[in-house]
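When you line the sequence shown up against numbering that gives the first Met the number 0, it's residues 0 to 65, in that order.
Beta carbons: idealized from backbone N, C-alpha and C, even for Gly.
What follows is a short report on a single structure.
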Amino acid sequence: MLCSVTVLNYPNEKDKSARINQSALPVYNREAVEAGSAKIAVVSGATDSWRAYTAGLQAILDAHPA
0 MLCSVTVLNY
10 PNEKDKSARI
20 NQSALPVYNR
30 EAVEAGSAKI
40 AVVSGATDSW
50 RAYTAGLQAI
60 LDAHPA
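Structural data, given as structure tokens:
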């Protein structure tokens, strides 16, 4: 069970990356908590962020099984 998700680092050096992540990451965080897993839907236009987010979250969940 996930209570919350906090993203510590994300690409934000470029304006485009910052805009994408500022809008997509809160959605991914909310969906991950609701799903209780890394199985979440991609936000349109943020596929690279989704891939990194889901891979990172799944790695953490695998390393700390409930």
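Alpha carbon of residue i to alpha carbon of residue j, nearest angstrom
i          : j          : result
residue 29 : residue 14 : 23 Å
residue 11 : residue 64 : 31 Å
residue 16 : residue 57 : 22 Å
residue 0  : residue 32 : 8 Å
residue 24 : residue 44 : 12 Å
residue 53 : residue 21 : 16 Å
residue 46 : residue 2  : 24 Å
residue 34 : residue 18 : 25 Å
residue 5  : residue 41 : 18 Å
residue 51 : residue 39 : 12 Å
From the options, residue whose alpha carbon lies closest to that of residue i
i          : options        : result
residue 61 : 20, 36, 44, 22 : 36
residue 9  : 27, 2, 0, 3    : 27
With 16 other Cβ atoms within 10 Å as the buried cut-off, status of residue i
i          : result
residue 48 : buried
residue 59 : exposed
message: In chain order, what are the residue ranges of uninterrupted beta strand (DSSP E) at least 3 long that sit wholly in the region 5-43?
response: Along the length of the region 5-43, whole beta strand (DSSP E) runs at least 3 residues long do not occur.
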